[in-house]
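Following: one structure in structure tokens, then a few remarks.
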Amino acid sequence: MHKSFGWLTLFLAAAGSASARDAVSDQRELLKADAAVCSAFESGDAKALGDILDATFTLTSSRGEVTDRAQNLEEVAKREPYYDVFRNHDQRVRLYGDAAIITGITTVKGRSEGDAFAVDFQFTDTWVHRDGHWILAASHASKLADK
């Protein structure tokens, strides 16, 4: 009988950590963090990006290539490609306790190896709430058809 109460107590404590936060505040915090990721890519701020990415972060590109946290930080620090514009829009946030998914469109403009580009991607970002803040665990981008 005591084991049942122990599991119930443990379950309620775990559920309480996610529910103690307000969904509207979580959505606002997630969209702010999402914008900070874009800003870091646009400004070449690898330190800021490193503060947001989980140690196990992976990005699956529109070409199906998977890169890790270190590779993404290196790319941002090198500024290759160079982004004049890196913005997310039309986002939808879905909350699942200490996890969240953001979907939307990323618009990028810039130069890669001297060649100009302007592309839109459909993205899916997976966030986790850890140590009091949201961190980006994984991202996937699919190139949208040219306009």
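As numbered in my numbering, residues 13 to 159 make up the sequence shown, in order.
Ideal Cβ positions, reconstructed from N, Cα and C, are used throughout, including at glycine.
Keep in mind the model is a prediction, meaning the values are calculated, not measured.
Residues that DSSP places opposite residue i in a beta bridge
i      : result
SER154 : GLN134
ASP127 : SER124
VAL140 : ALA111, ILE147
heavy atom of the ligand GDP below 7 Å from residue i C-beta
i     : result
ARG75 : The model on display carries no ligand, and the ligand GDP is accordingly not part of it.
Residue i versus residue j: straight-line alpha-carbon distance, rounded
i      : j      : result
ARG81  : ARG99  : 20 Å
GLU77  : GLN134 : 16 Å
ALA35  : LEU42  : 10 Å
GLY62  : ALA52  : 9 Å
ALA128 : GLY122 : 6 Å
HIS141 : GLY126 : 38 Å
ALA130 : TRP139 : 26 Å
HIS101 : HIS145 : 22 Å
ASP158 : THR72  : 20 Å
THR136 : ARG33  : 23 Å
GLY56  : SER74  : 21 Å
LYS44  : SER37  : 10 Å
ARG40  : LEU107 : 12 Å
Supposed close pair residue i, residue j - CB separation, criterion 8 Å
i      : j      : result
GLU54  : VAL97  : 7 Å
ALA153 : THR119 : Not quite, the Cβ-Cβ distance comes to about 12 Å (not below 8 Å), so this is no contact.
GLN103 : ASP46  : 7 Å
Nonlocal neighbours in the same chain, by C-beta distance under 7 Å from residue i, ignoring five residues either side
i     : result
VAL49 : LEU61, ILE64, LEU148
Cβ shell of residue i (< 8 Å), same chain only, five flanking positions each side left out
i      : result
SER124 : GLU92, PRO93, TYR94
ALA27  : Bear in mind that the predicted position of ALA27 carries a pLDDT of just 46, short of 50, making it unreliable; the figure below should be weighed with that in mind. If we look at ALA27 and ignore the five residues flanking it on each side, its Cβ neighbours are GLY109.
ALA58  : ALA52, LEU85, GLU86, VAL88, ALA89
6 Å CB neighbourhood of residue i in its chain, flanking five on each side removed
i      : result
ASP132 : ILE117, THR119, LEU156
THR79  : LEU71
**Message:** Is it the case that the region 83 to 90 contacts the region 101 to 119, given that we only count it when at least three CB pairs across the two stretches are under 8 Å?
**Reply:** no
**Asked** Taking one C-beta from the region 140 to 149 and one from the region 62 to 73 each time, how about it: are there three or more such pairs within less than 8 Å?
**Response** yes
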